[in-house]
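In the working numbering, the protein residues as written are 2 to 103.
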């Protein structure tokens, strides 16, 4: 555990880790913060990585964030589960955005 400003700590932690296979983004942040986190982590995500974004429909800003993630060229498949979104980066998959209704 590290205590401090995540924008200062995260780059060093990511360099130490080298690669990231699973990332969970809590949707209780502003859109700009979510985009910063996504962009900062993106170079460290492997092709097999899975990203889970909580609260993709919780606010207008989060809906905009989710749309940007879905459009990102590194993203191949997204699953919109309403309360959360799941993102895959596997280059073997065709680019596709799915919405799951339940």
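Each residue gets a CB set at the ideal place from its N, CA and C atoms; glycine is no exception.
- The C-beta separation of residue 26 from residue 71 comes to about 14 Å, leaving the pair out of contact by the 8 Å criterion.
- For residue 11, there is no enclosing beta strand (DSSP E); the enclosing alpha helix (DSSP H) covers residues 7 to 18.
- Residue 91 is positioned such that its CB atom lies closer than 8 Å to that of residue 48.
- Approximately 7 Å separates the beta-carbon atoms of residue 41 and residue 15; this is inside 8 Å, confirming the contact.
- Comparing alpha-carbon positions, the option among 77, 43, 37, 44 lying closest to residue 66 turns out to be 37.
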